[in-house]
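Student:
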Amino acid sequence: MTKEELALVIIERLKKEYPDAGCTLDYNQAWKLLVSVRLAAQCTDARVNVVVQDLYRKFPDVDALASASVEEIEEIVKPCGLGHSKARDISACMKILKEEYGGKVPDDFDRLLKLPGVGRKSANLIMGDVFGKPAIVTDTHCIRLVNRMGLVDGIRDPKKVEMILWKLIPREEGSDFCHRLVYHGREVCTARTKPYCDRCVLADVCGKCGVEA
Ligand code: SF4
2 MTKEELALVI IERLKKEYPD AGCTLDYNQA WKLLVSVRLA AQCTDARVNV VVQDLYRKFP
62 DVDALASASV EEIEEIVKPC GLGHSKARDI SACMKILKEE YGGKVPDDFD RLLKLPGVGR
122 KSANLIMGDV FGKPAIVTDT HCIRLVNRMG LVDGIRDPKK VEMILWKLIP REEGSDFCHR
182 LVYHGREVCT ARTKPYCDRC VLADVCGKCG VEA
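The opening position of the sequence shown corresponds to residue 2 in the working numbering, with each subsequent residue numbered one higher.
Listed below in structure tokens is the structure:
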């Protein structure tokens, strides 16, 4: 089986297994996802979803958050870790949204990448989830799983993995595929040395099935 064929098999199996997989960060406006993805670095999505409730209670829109001091933001977001740098990026980001984009999140990958604290992973997430555009989100689950499955071979660099996946995954499938990898990575193909291959729907096609990966 070629890698392209393997990718299609995996996509279809994971679709059946996790039909409703979506973003695990809660948001109802684009700018809130921007805030949440910054807070999610080295923090669980579950904790971010709790912390942002306090943040939005005090600063309910882009203008309010852009006017807040870094210290005020840090005080609320510090349970997510890296409080000062996250607060500094969120503050700078909201100021740019307010001053350059009329309070809106730009629907352009390169413009998103220029926002403070926004890397390729976050920009892809926003393009896919907010704007419904093709996206490949190479987070820790994605990188671990696609290596184990045999879609990429021993590559850990997020951008290199992203570039390979763009060639293997049909563009319209990328965003949902990456969400499903997160679900599968949490529930079955976990980060532990020996994942739960015995109950994996990919066991017959996976390159690392049953092997300590
Ligand atoms: S067979 Fe094992 S290593 Fe492969 S995807 Fe499933 S759980 Fe992960």
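All residues carry an ideal CB built from backbone N, CA and C; glycine is no exception.
What you are looking at is a predicted structure, and each value in this text was computed from that prediction instead of being measured.
In terms of residues, what are the limits of the alpha helix (DSSP H) holding D55?
Tutor: Counting from one through the sequence shown, the residue named residue 55 turns up at place 54. Where D55 is concerned, the enclosing alpha helix (DSSP H) stretches over D46 to K59.
Student: Count the C-beta pairs between the region 129-144 and the region 62-76 that are closer than 8 Å, then say yes if the count reaches three, no if not.
Tutor: No contact exists between the region 129-144 and the region 62-76.
Student: Please report the residue range of the alpha helix (DSSP H) in which R112 lies.
Tutor: Looking up residue 112 in the sequence shown gives position 111. Looking at the DSSP string, the run of the alpha helix (DSSP H) that includes R112 is F110 to K115.
Student: Looking only at C-alpha atoms, which of R187, L56, Q43 and T191 sits nearest to V36?
Tutor: Reading the sequence shown from its first residue, position 35 is the one you call residue 36. Answer by Cα proximity: L56.
Student: Unbroken alpha helix (DSSP H) runs of length 4 or more, entirely within the region 124-162: which are they?
Tutor: Segments of the alpha helix (DSSP H) lying fully in the region 124-162: 141-150.
Student: Going by C-alpha to C-alpha distance, which of Y28, D90, A65 and V63 sits closest to V51?
Tutor: Counting from one through the sequence shown, the residue named residue 51 turns up at place 50. Of Y28, D90, A65 and V63, the residue nearest in Cα terms is Y28.
Student: Considering only heavy atoms of the ligand SF4, does any lie closer than 7 Å to the CB of D112?
Tutor: As a working note, residue 112 is residue 111 in the sequence shown. The sequence shown places Arg at residue 112, not Asp. Not under cutoff, so the answer is no.
Student: In whole angstroms, what separates the C-alpha of G175 from that of C94?
Tutor: Locating residue 175 in the sequence shown gives position 174, where the first residue counts as 1. Locating residue 94 in the sequence shown gives position 93, where the first residue counts as 1. The alpha-carbon atoms of G175 and C94 are separated by roughly 26 Å.
Student: Can you list, in chain order, the residues of its chain whose CB lies under 8 Å from that of R121, leaving out five sequence neighbours each side?
Tutor: In the sequence shown, residue 121 corresponds to position 120, counting from 1. The answer, listed in chain order, is L114, T139, P159, K160 and E163.
Student: Do three or more CB pairs link the region 30-44 to the region 123-137 at distances below 8 Å?
Tutor: In short, these stretches touch, since the Cβ pair count reaches three.
Student: Give the secondary structure of P80 by DSSP, where H, G and I count as helix, E and B as strand, and everything else as coil.
Tutor: As a first step, residue 80 is located in the sequence shown; it is residue number 79 there, counting from the start. If DSSP states are grouped into helix, strand and coil, P80 belongs with the helices.
Student: Verify the contact flag: R193, CB atom, against every heavy atom of the ligand SF4, threshold strictly below 7 Å.
Tutor: The residue given as residue 193 occupies position 192 in the sequence shown. R193 Cβ: outside cutoff for every heavy atom of the ligand SF4.
Student: Whose C-beta lies closer than 6 Å to the C-beta of P117 among residues of the same chain, with five residues either side of it excluded?
Tutor: Working through the sequence shown from its first residue, we reach residue 117 at position 116. Counting only Cβ-Cβ distances below 6 Å, and skipping sequence neighbours, we find D90, A93 and C94.
Student: Whose C-alpha, out of R187, S68, V147 and L40, is nearest the C-alpha of I170?
Tutor: Position 169 of the sequence shown, counting from 1, holds the residue named residue 170. Taking only the C-alpha atoms, the option nearest I170 is V147.
Student: Of the residues D46, K96 and L152, which one's Cα is nearest the Cα of G208?
Tutor: Numbered from its first residue, the sequence shown carries residue 208 at position 207. It is L152.
Student: Where Q43 and T194 are concerned, what is the direct C-alpha to C-alpha distance, given to the nearest angstrom?
Tutor: In the sequence shown, counting from the first residue as 1, residue 43 sits at position 42. In the sequence shown, counting from the first residue as 1, residue 194 sits at position 193. Near 20 Å, if we compare the C-alpha coordinates of T194 and Q43.
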